[in-house]
Structure formats: structure tokens, C-alpha cells
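**Student:** Have a look at this one.
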Amino acid sequence: MKDLAPSDVLRGTLDLLVLKTLTLEPMHGWGISQRIQQMSRSVLDVNQGSLYPALQRLELKEWIDSEWRASDNNRRAKYYRLTAKGRRALGAETESWRRYVVAVEDILATT
Amino acid sequence: MLRSIRLRLRALFNRAGVETDVNDELRFHLEQQAQLYIRDGMTRVDAERRARLAFGSVDNAMESHRDGRGTRSLEDTVGDVRYAMRTLWRDRGLAIAGVLTLALGVGATTAVFSAVNAVMLRELPFRDSGRLVQVWEENPERNWYKNVVAPANYYDWRERVQAFDGLAAYTDYLTNVTLLGRGEPQLLTAAYTTGNFLSVLGVTPRLGRGFEPADDWDNGQRPAILSHRVWQNQFRGDTAVIGKTMSFGGRLPWQIVGVMPEGFALPTPGTDVWLPMLWPQTNRAELWFRRAHWMRVVGRLKHGVSHEAANASLQTVVMQLQTEYPATNTRMGAGITPIRDWIVGDTKKPLVILLAAAGILLLIACANVGNLLLVHALGRSRDVSLRFALGATRGRVARQALTESLVLSAIGGAAGFAVGWMGARGLLAMQPSGMLPVTDIQVDYRVWLFTILLTTLSGLLFGLAPAIVVTRQSPADALNSGGRTFTGGGMRRWGRYLVVAEVGLAVMLTIGAGLLLRSYDRLSRVAPGFDPQGVLTATLAIPPSRYDSLNKVVVFYRSLIARVQALPGVERVAAVRQLPVTISSWSSNLAVEGRPPLGQTDILHREVAGDYFRAMRVPLLNGRTFSDADTRETPPVVLVNDALVKQFFPKENPVGLRITFDRVPDSTSMWRTIVGVVGSERQGSVAMPPRPEIFAPHQQDPSRGMTVVARMLPGRDPMTIAAPLRGAVRELDSLLAIIALRPMTEVHSRAMSRERFIGALVFVFAAAGIALAVVGVFGVLAQLVQTRWREMGIRLALGAQRSQVRWLIVRHGATLLVFGITSGLLVALGATQVLATLLYEVRPTDALTYGVVALLIGVVGMFAAWVPALRASTANPATTLRSD
Chain A
1 MKDLAPSDVL RGTLDLLVLK TLTLEPMHGW GISQRIQQMS RSVLDVNQGS
51 LYPALQRLEL KEWIDSEWRA SDNNRRAKYY RLTAKGRRAL GAETESWRRY
101 VVAVEDILAT T
Chain B
1001 MLRSIRLRLR ALFNRAGVET DVNDELRFHL EQQAQLYIRD GMTRVDAERR
1051 ARLAFGSVDN AMESHRDGRG TRSLEDTVGD VRYAMRTLWR DRGLAIAGVL
1101 TLALGVGATT AVFSAVNAVM LRELPFRDSG RLVQVWEENP ERNWYKNVVA
1151 PANYYDWRER VQAFDGLAAY TDYLTNVTLL GRGEPQLLTA AYTTGNFLSV
1201 LGVTPRLGRG FEPADDWDNG QRPAILSHRV WQNQFRGDTA VIGKTMSFGG
1251 RLPWQIVGVM PEGFALPTPG TDVWLPMLWP QTNRAELWFR RAHWMRVVGR
1301 LKHGVSHEAA NASLQTVVMQ LQTEYPATNT RMGAGITPIR DWIVGDTKKP
1351 LVILLAAAGI LLLIACANVG NLLLVHALGR SRDVSLRFAL GATRGRVARQ
1401 ALTESLVLSA IGGAAGFAVG WMGARGLLAM QPSGMLPVTD IQVDYRVWLF
1451 TILLTTLSGL LFGLAPAIVV TRQSPADALN SGGRTFTGGG MRRWGRYLVV
1501 AEVGLAVMLT IGAGLLLRSY DRLSRVAPGF DPQGVLTATL AIPPSRYDSL
1551 NKVVVFYRSL IARVQALPGV ERVAAVRQLP VTISSWSSNL AVEGRPPLGQ
1601 TDILHREVAG DYFRAMRVPL LNGRTFSDAD TRETPPVVLV NDALVKQFFP
1651 KENPVGLRIT FDRVPDSTSM WRTIVGVVGS ERQGSVAMPP RPEIFAPHQQ
1701 DPSRGMTVVA RMLPGRDPMT IAAPLRGAVR ELDSLLAIIA LRPMTEVHSR
1751 AMSRERFIGA LVFVFAAAGI ALAVVGVFGV LAQLVQTRWR EMGIRLALGA
1801 QRSQVRWLIV RHGATLLVFG ITSGLLVALG ATQVLATLLY EVRPTDALTY
1851 GVVALLIGVV GMFAAWVPAL RASTANPATT LRSD
């Protein structure tokens, strides 16, 4: 099941996926990567190394917020949370993603 | 926004904390992943390895996290700066030399710029000063340009010219009053102003009030305004001074009504007290009120009125006055000048020249520091190769090199700022009196900005060569050849460029200095028409209040001359209204009896008491001088100078002719007989050729302000009678202060002090420039010898003569010098044209100056080349070959 999704496309949409994942609840990095894999039924295998720069990027944009707290197994972990600004951004990003998908579909359908 | 700033700040200032956090976060991730695999049945070791594989490179993740903090370039900069400090510290001898060189260049430039700023850029201490203009009169026929104004014309302008909100007048020549009753009599410099002076300028007094418009006319009041300096020094800054009275020895005491703000410098920075005009009410109708020109006028334009419009409306009134008063105003024109230009006046050119000279010195300093950094870079070539080998980009390495230059320039700039601050103070203290029309040179934001900009530009400039050279090498080179790659083309070529440039600049600067000094030399050799050696001068002004009859004035000076004549060692004493080479304005018309009018003439006239001409060694060319027998009871007599005879009586003997100062003689004209012709003295300045001049005997034309001149017997120092002369004045009038007591040689040399000051300062800059350039030549050749040490050894081993090896280096130095000197001479040919107006009887292309400078720098440069050449020839074939 590996490498079905070209990683380039994934990288462009990683921010979107992270934001979407965080709408449910605050989560740590590993949790986010697991959740994305699960939700995509393992189609999307997040390149774990690139997840953290994405998180850092989003935090600098103030779309997400972070704090250290104890994890389920009582370890110290950094949890990320969606901010109000991030929620608004998610709406806009989703919208543009959908337009993108439709456009690509159209092209594929006509040829 | 706030949060992301906090993140960035944390990344900057708590770097370790951030790194630990990232590390923890990634480790947590890996452990969670490993747990997953363990649950699937893997061993712990396998699970951890698998987790790492799934994650990819942790180091890459860390590094990309660092890049993502948005503080990367700043962090790099901090790192670069730290690294630069370390490498400079390792090479501290060189770094110190660089800092000192820069401090010199930046310091000189900053000092001169502070003066330029104080004079030309700083906001004038007047409200809305853009609307202030100087209004002047002109008369092309008399060569009057930007001339002083007659009071009656001023009042007519004030009433009729629509463009002005207000028009004020003041005197700008020196008037002295003696402050009595506060210890020793104090001599103060006074300026007379109209009542609206401060309101037109828009200046609020520091204390008290300004004058009232009614103070133009004598109304029994005697208000006075003190300068900030006099208030501080003579009245100890007492705020209760307002309303107090002070005595200038007159009938009425003067009441202090105000204190000027600090830095107020109109008409001059040295003005001590401002007094109102206090004219008799009858003046307005009198002829002299329109005929005598002696006031400066400043006007405030109405809002929105342009200079052109103001000038047009002034011209309308000027025309009216020309038709209304044909006797006085026929050729009388007028014009306006913005107040800033007026105040800056002729200081602008010298300041700009000095700034340019300092700037050239700074460029030389930059070239020198550039060379130092090249040497420094050579010592580091291994480091650089290593960095290339480890994957550093050229840009990154160049940036590191530039950072190093900027760090050096920042330190040098800071030191230079301190030097500049002191230099500015020195400039103000050493300037010939009154050259800079300011009371203080302040260091304000403009000076700060200028220095910072200058420092940064210098850093980039001298950092350019090392940065280019450093990035030109390939990684392999240095590692292969034991760290010697920069010895190749780049380093030497850039070193040569820099040395040629600095030699050229030094030549240019020295030629400038040489021209100015030669001009000063010419000036000081000008025969002034008198002999300044062995003469003491004492300037006095006796107050009209106590010397209210002309007879008293005549008697006072006659007695004083007699007393001084009796002092030991004195040969001859006389007095004159103004000393030669210091004369300002006062000029008259001239008409000759029985001849057609000469038209507008502009004749100087002075009064002399005693045998002035013999005392000053001015030759009597024809006729006789004055004697005690020429009194108010005998027919008026005059002497004329040689220049007057040449202009008006070129082919005849004027002795016996009668003249008058009226342009169109009438029945009231006073006719004076020419009894003799004397040699011409230089009058207004040493540089100006003598103008036609007429002398009248003091007994017939008494003046209260006179300067006593005492010629000493041969070999006697004039200053030996300074104290007895003071005593003689005190015995005659204990309330009288002497305005100035100095040898005539000092008066003469002070008349050339501006030329001397500018020449000397540029010369100091040039000397520093030569020193730096010579050090540059020496440095490059020494470096050359060191890098080619082996080659020298081999040459010697193969049988070359030591003299041949020496010649090799000397020839190299000579080439650099020839290129540098030639380019310097060529550029100077054009650049020195800016000096043209400052030079006296020296052309900017003066061949002698160019030749001497080229020779001087050539010879000094060859000495600098000789030392490394000698060293090269001592290379020992055996040891050099073994050393590697």
C-alpha cells in the first residue's frame, strides 16, 4: 500500500490535512500522522519527517497553537490545537482544494 | 501576530530551550511509533530501527525545523559576527591597525561634516525660517552688490512693499559699548536693531521681552537685550536680571528687558548685547538718512508669497524711490536672498572643500584597510577552503567575509565618531574668528546618521576586495597546496589596485593642499603697503556721552599719542580710524573742482592723527603729510593714495587740486586741497589690490573710534609697551576699555587666517593621506616578498645577484607608484578646478605644485619599497629551500 499518493501532492495539501485533523481535538504530532493514515484508509502515508516542519509553519502562521502536556500513556508530549484563525483558514483552504480537484477531474474527463 | 513574534523571539534568545523541545517532540514520536511495532510483535531493537526508517532523517527534520523558525538569517548573522570577532581577535595587530586607520578617516570626515551640518543643514533658530529673506541694496555703477541699506529706504520698503509681513533692520558691523559698574570696565559688542527685530525673526527671548516698534525712535527709554553668554558670564544666569539697569557710561542707564536664547547668532555669534536704534524723530526727513547706507535688512514673506513675487513687488517700490529721490536713489537697486544662503555666505565653499578633502582621506583609509583585510584573508585561506569543501556556497562565504569587514568598520566607526566629536570641538575652537557663523557645533541625529552611513559604506567598500578574492578560490586548491592559494593572482591583483588607488588619491589630496598653501604663501608675500613689523596697535572708541564736543575728541587722542610717544623704546606714535587690511565699507563720492563730474565713484576715506604714514612706513610720494598746523581753523587738506592718482590723475600732479566728497558739488560743498600723495596700503583684505583712498587729518575731521599705532625703535618688541599703554589710557580715562591691543603683525596675519586655516587643515589631511598610502605600498611589497620568499631563494640559489633580486621588488614598487601618481595627477587636473576661486595668484594647474607633489610621493614611496626589497635580497638559498 506504499507510495500510492505522490508525495508532492501530499506535501502541498499536508497543511490542509493537519488542520482538518485538528478540528476534532488537540493532538500531538504522532497522533496527527496516525489519524491521517487511518482516515485515508492508509492511502496517504504521511512522510513523518515532513510533518514537523509543517506544524512549525502553521504555528508561525498562528493557525495552530501548541502546549506541552501529559499524553494518554502519561508521557510529556507537545499537543497542537486549532486556533480561530486556523479554523477560518481551513474553510478557505478546503474551498480552494475542492476547486482544484474539480479542475483536475475536468481535465482528466475531457482527455 | 503577537504569538508568532514570541515564537521568533524565543527561537532567538532561548535557542537551547527550543532545540530541546524539538528533540523531545521527535523522540516522543519515534517511541510511539516503536510501541506500535512492538505491539505487532517486533523486538524492541527492531521496532526502534523500523521507527527511525519510517521517520526518515532526524537530523534533516531538525535542520529544516531550524530553517523554519524564520530567524535563520539573523542567527547566521549573529554567528558570522561572533566568528568575525574571533578571527579579528586572533589577528589583533592587524585589526587594531585597521580600526585606527578607519578612526582617522571617519573621524576627520565626521568632524568636518558636523561643522557643515551646524552651518548649512541645521534648522535655523527662527520660526518658519523658509519665509525669511535678506533684503539688500545694489548699485552697479559703484560696484555695490548685496550692500547695506539706507534707513530712509528701509522705512519706505517697510511701508510700501506688499509682499512682506514684516521688515526689520539691524547693524552688522562691530560697535562697542563699555559696561561699567560690574568690576573692571567690560567691553561688549553691540548690534543696533529696529523694534520689530525679534518679532520678524519669530524668536522668543529666553527671558523677558523684545523691543517695541516705538523703540526705533528716541522716547527717553533705554531698553537692552543681553546675549545668553553675557547673561551667563556677567550676570551669572540670574533670572531676576530683567528690569535691572546697567551703565554704558552715558547720561541714561540702560534697562535690561530681555535675554536672547542660546545659539542666537544674528548678526554674529559674538554679539553681546542688542540695543534699539533710538533715532531722533527729526531723522526721517534728513538727507543723510537716505544717503548713508549702513543697515542690514531682514524680511518675513507673507504666507504663500514666492521669492520671485516678493522681488517683483520690491522692484516696483525701488523704481518709485528712484523717481521720487533722484539725488540719492538714481542707480539704487535692491534684491533679496534667502536667509539661509545669506548666513552661510562665503563659508560654504571652504566647508565643502574641507569635506571633500576629509572624504578623500577616508577613501585612502578604506583602501588601506582593504589591503589589511586581504592579508588577513590570506591567513585564513585554509579555513575558507574547508568551508567550501564542506558545502558552503560562494554567497555564504562572501557574506562571512563582508561581515568581517562590517564588524571592523563598526568598531572603527565608533572610534571615528569619538574622534569626530573631538575634532568638531577643535574645529570650532581653532577656526579663525567668525569663519563659522554658529555659536556651537552640536552632534545631532544628522551627524549620527551620517557617521553610521559612512561607516557602513566604508565597510562594504573595503570589504569588497577580500570578499571577491576569497570566493574565487576552488575548494581543492587550498587543501592541496598547504593553504597558499591566495598568493596567486586574485590577492596580488586586488592589492595592487588598492595601492594604485590610494597613491592616486593621496597625490590628488596633496596637490589640493599644495595649491592652497602656495596660494597662502603668495598672499603672505604680498607687500601690504606698510611695514607690520615692530608696531603695536590699540583700538579705542570713546563714548559720545563723555566726549560730546569734537574738540574733546581731538584733545583726547592728541594727549594719548603724546603719552605713548613718551614710553621707552617708542619711535613714533600716530592713530588712524581703521587699520589697513581690516577696512570695511565707508566709501564716498569724489568730485574735482572745475572739472566735469566723475560720475559714481567709490572712494575710501580715513582720518589720521599724528604722522601715521611715517609710523607705518608708508612712503610719501609727493607733496607733504599733515602737521599740527592743519586744524579746524585752517583750510581743509587731504592726502590721496597712489591708486587714486593712477585712476583719476594718471598724467598730472594732483597736489594743489581741490576735491569734495559730494557727487554733484553745490554751494554747501566742503572743498579740500590735496597736499600730498602717499603709497597705497592694502585695505579690505590682503588679496584685494588697493583702491583709491583719501586721508583727512583727525584735527579737521575728528572720529571717536581710532586705532593708535606705535612704531618701536629697531629691535624692540612692541608687546613690551602693552602694559604701559593700557596705563596711559587709564590715566586719561579710567572708564575706557581698549577694544583690541595687538601687534600689527598679528592684525596682518589674521587678515589671512582663513586661507591659512583651510590650507593647514587640508595639508594635515594630505599628510595623513601620504602616510597611509606609503604604508599601503610598503604593505603590498612586504606581502609580495613574503609570498615569493621561496622564489627569491631559488633565484639566489641559481646564481642571481642580490641586487637583481632587490631590483625585482623595487621595480614592482616603482610600477605601482608610477600608475598611482599618473592617475592622481590626471584626476587632479580636473578636480582642482573647484579650488579656483579660493586661490590667490596660483592657477589650479600650477605645474610647480604638481611636479613637487609627484616627486615627493615618488621619493617617499620608493623608500617604502626599498625596505622589503632589502629584505628580499637577504633570502638565504639554503634555509629557504629547506623551510618547506
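Respectively, the protein sequence lines represent chains A and B. The first sequence: position 17 = 17 (the numbering used here), numbered continuously. The second sequence: position 154 = 1154 (the numbering used here), numbered continuously. Every residue, glycine too, gets a C-beta built ideally from N, C-alpha and C.
From the beta carbon of A:ASP106, is the nearest beta carbon of chain B less than 9 Å away?
**Tutor:** Counted from its first residue, the first sequence places residue 106 of chain A at position 106. It does not: the Cβ of A:ASP106 has no partner Cβ on chain B nearer than 9 Å.
**Student:** In chain order, what residues of the same chain lie with their CB nearer than 7 Å to the CB of B:LEU1094, ignoring the 5 residues before and after it?
**Tutor:** Working through the second sequence from its first residue, we reach residue 1094 of chain B at position 94. Cβ within range, chain order: LEU1372, VAL1375 and HIS1376.
**Student:** Nearest to B:ALA1358 by CA position, among B:VAL1116, B:ASN1589 and B:ALA1538, is which residue?
**Tutor:** If you number the second sequence from 1, residue 1358 of chain B lands on position 358. If we check each option's Cα against that of B:ALA1358, B:VAL1116 comes out closest.
**Student:** Which chain B residues are close to A:ARG76, counting only those with a beta carbon under 9 Å from its beta carbon?
**Tutor:** What you label residue 76 of chain A is simply residue 76 of the first sequence in a count that begins at 1. Here the neighbours are ASP1024 and PHE1028.
**Student:** How would you write the range of the beta strand (DSSP E) that B:HIS1605 sits in, first residue to last?
**Tutor:** The sequence position of residue 1605 of chain B within the second sequence is 605, counting from 1. Note, B:HIS1605: beta strand (DSSP E), 1603 to 1610.
**Student:** Considering only residues of the region 1815 to 1881 of chain B, which uninterrupted alpha helix (DSSP H) runs meet the minimum length of 4 residues and lie entirely inside it, listed in chain order?
**Tutor:** Runs of the alpha helix (DSSP H) inside the region 1815 to 1881 of chain B: 1847 to 1873.
**Student:** Report the three-state DSSP secondary structure of B:PHE1164 (helix, strand or coil).
**Tutor:** By 1-based counting over the second sequence, the position of residue 1164 of chain B is 164. Correct three-state label for B:PHE1164: strand.
**Student:** Does the pairing of the region 1330 to 1339 of chain B with the region 1305 to 1317 of chain B give three or more beta-carbon distances under 8 Å?
**Tutor:** Cβ pair count under 8 Å is three or more, so yes.
**Student:** Please state whether DSSP places A:ASP15 in a helix, a strand or coil.
**Tutor:** Walking along the first sequence from the start, residue 15 of chain A turns up at place 15. The answer is helix: DSSP assigns A:ASP15 an H, G or I state.
**Student:** Under 9 Å between C-beta atoms, does B:PHE1013 make it to chain A?
**Tutor:** By one-based count along the second sequence, residue 1013 of chain B stands at place 13. Chain A contact via Cβ: absent.
**Student:** Please report how far the alpha carbon of B:ASP1341 lies from the alpha carbon of B:SER1227, in whole angstroms.
**Tutor:** Stepping through the second sequence from its first residue, residue 1341 of chain B is reached at position 341. Stepping through the second sequence from its first residue, residue 1227 of chain B is reached at position 227. B:ASP1341 and B:SER1227: Cα-Cα distance of roughly 24 Å.
**Student:** Write down every uninterrupted run of the alpha helix (DSSP H) in the region 1092 to 1158 of chain B whose length is 4 residues or greater and which is fully enclosed by it, in chain order.
**Tutor:** DSSP runs (the alpha helix (DSSP H)) wholly in the region 1092 to 1158 of chain B: 1092 to 1116.
**Student:** Does A:LEU60 get closer than 9 Å to chain B when you measure Cβ to Cβ?
**Tutor:** Counted from its first residue, the first sequence places residue 60 of chain A at position 60. At least one chain B Cβ lies under 9 Å of A:LEU60.
**Student:** Can you give me the start and stop residues for the alpha helix (DSSP H) that B:TRP1789 sits inside?
**Tutor:** As a working mapping, residue 1789 of chain B is identified with position 789 in the second sequence. Taken as a continuous stretch (DSSP letters only), the alpha helix (DSSP H) holding B:TRP1789 covers 1789 to 1797.
**Student:** Locate the beta strand (DSSP E) running through B:GLU1286, then write down its first and last residues.
**Tutor:** Taking the second sequence and counting its residues from 1, the one referred to as residue 1286 of chain B is at position 286. Segment: none, B:GLU1286 is in no beta strand (DSSP E) and carries neither H nor E.
**Student:** Under 8 Å Cβ-Cβ, which residues of chain A neighbour B:SER1073?
**Tutor:** By 1-based counting over the second sequence, the position of residue 1073 of chain B is 73. Residues of chain A passing the Cβ test: none, with the nearest at roughly 15 Å.
**Student:** Is it true that the region 1155 to 1173 of chain B meets the region 1245 to 1260 of chain B, where meeting means three or more beta-carbon pairs spaced less than 8 Å apart?
**Tutor:** These segments do not touch.
**Student:** Which residue comes first and which comes last in the beta strand (DSSP E) that contains B:GLN1255?
**Tutor:** Numbered from 1 along the second sequence, position 255 holds the residue referred to as residue 1255 of chain B. Note, B:GLN1255: beta strand (DSSP E), 1254 to 1259.
**Student:** Helix, strand or coil for B:PHE1486, going by three-state DSSP, please let me know.
**Tutor:** The residue you call residue 1486 of chain B lines up with position 486 of the second sequence. Bear in mind that the predicted position of B:PHE1486 carries a pLDDT of just 45, short of 50, making it unreliable; the figure below should be weighed with that in mind. Note: B:PHE1486 maps to helix in three-state DSSP.
**Student:** Report the three-state DSSP secondary structure of B:ALA1005 (helix, strand or coil).
**Tutor:** On the second sequence, residue 1005 of chain B is found 5 positions in, with the first residue counted as 1. Here residue 1005 of chain B turns out to be Ile, not Ala, going by the sequence shown. Reduced to three states, the DSSP call for B:ILE1005 is helix.
**Student:** Closer than 7 Å, Cβ to any Cβ of chain A: which residues of the region 1037 to 1061 of chain B, in chain order?
**Tutor:** Within the region 1037 to 1061 of chain B, the residues whose Cβ lies closer than 7 Å to some Cβ of chain A are ALA1054, PHE1055, GLY1056, SER1057, ASN1060 and ALA1061, listed in chain order.
**Student:** Which chain B residues sit within Cβ distance under 7 Å of A:GLY49?
**Tutor:** Within the first sequence, residue 49 of chain A is the residue found at index 49, counting from 1. Those are PHE1055, GLY1056, SER1057, ASN1060 and ALA1061, listed as they occur along chain B.
**Student:** Does the beta carbon of A:SER40 sit closer than 9 Å to a beta carbon anywhere in chain B?
**Tutor:** Translated into the one-based positions of the first sequence, residue 40 of chain A becomes position 40. Judged by the 9 Å Cβ criterion, A:SER40 is not in contact with chain B.
**Student:** With a threshold of 9 Å between beta-carbons, can A:GLY29 be considered close to chain B, or not?
**Tutor:** Here residue 29 of chain A is taken as the residue at index 29 of the first sequence, counted from 1. Yes, contact with chain B.
**Student:** Under the rule that 16 or more other beta-carbon atoms within 10 Å means buried, what is B:ILE1659, buried or exposed?
**Tutor:** Translated into the one-based positions of the second sequence, residue 1659 of chain B becomes position 659. Buried, since its Cβ has 16 or more Cβ neighbours within 10 Å.
**Student:** Beta carbon of B:GLY1370, beta carbon of B:THR1109: below 9 Å?
**Tutor:** Taking the first residue of the second sequence as position 1, residue 1370 of chain B is located at position 370. Taking the first residue of the second sequence as position 1, residue 1109 of chain B is located at position 109. No, they are not a contact pair.
**Student:** Residues in the same chain with beta-carbon distance under 6 Å from B:ARG1331, minus the five sequence neighbours each way, listed in chain order, please.
**Tutor:** Numbered from 1 along the second sequence, position 331 holds the residue referred to as residue 1331 of chain B. Correct list, in chain order: ASN1139 and GLU1141.
**Student:** Round the Cβ separation of A:LEU19 and A:LEU82 to the nearest angstrom and send it over; I've been treating them as touching at under 8 Å.
**Tutor:** Here residue 19 of chain A refers to the residue found at position 19 of the first sequence. Here residue 82 of chain A refers to the residue found at position 82 of the first sequence. So it is a contact: roughly 6 Å between Cβ atoms.
**Student:** Which partner residues of B:ASN1622 appear in the DSSP bridge assignment?
**Tutor:** Within the second sequence, numbered from 1, the residue matching residue 1622 of chain B stands at position 622. Per DSSP, B:VAL1677.
**Student:** If you draw a straight line from the alpha carbon of A:THR23 to that of A:GLN34, how long is it in whole angstroms?
**Tutor:** As a working mapping, residue 23 of chain A is identified with position 23 in the first sequence. As a working mapping, residue 34 of chain A is identified with position 34 in the first sequence. Roughly 15 Å between the two C-alpha positions.
**Student:** Starting from B:VAL1273, follow its DSSP beta bridges and name the residues at the other end.
**Tutor:** Numbered from 1 along the second sequence, position 273 holds the residue referred to as residue 1273 of chain B. In DSSP, B:VAL1273 forms a bridge with B:ALA1190 and B:LEU1226.
**Student:** Is A:ASP65 close to chain B, meaning its C-beta is less than 9 Å from at least one C-beta of that chain?
**Tutor:** The residue labelled residue 65 of chain A in the question sits at position 65 within the first sequence. Answer yes: the Cβ-Cβ gap between A:ASP65 and chain B drops below 9 Å somewhere.
**Student:** Answer yes or no: does any C-beta atom of chain A fall closer than 9 Å to that of B:GLY1068?
**Tutor:** In the second sequence, residue 1068 of chain B corresponds to position 68, counting from 1. It does; some Cβ of chain A falls within 9 Å.
**Student:** Answer yes or no: does any C-beta atom of chain B fall closer than 9 Å to that of A:PRO26?
**Tutor:** Within the first sequence, residue 26 of chain A is the residue found at index 26, counting from 1. No, its Cβ sits nowhere closer than 9 Å to a Cβ of chain B.
**Student:** Does the region 1177 to 1187 of chain B come into contact with the region 1204 to 1218 of chain B, if we say contact requires no fewer than three beta-carbon pairs (one atom in each stretch) closer than 8 Å?
**Tutor:** These segments do not touch.
**Student:** To the nearest angstrom, report how far apart B:GLY1769 and B:GLY1776 are at their CA atoms.
**Tutor:** Position 769 of the second sequence, counted from the start, is the residue given in the question as residue 1769 of chain B. Position 776 of the second sequence, counted from the start, is the residue given in the question as residue 1776 of chain B. Those two C-alpha atoms are separated by around 10 Å.
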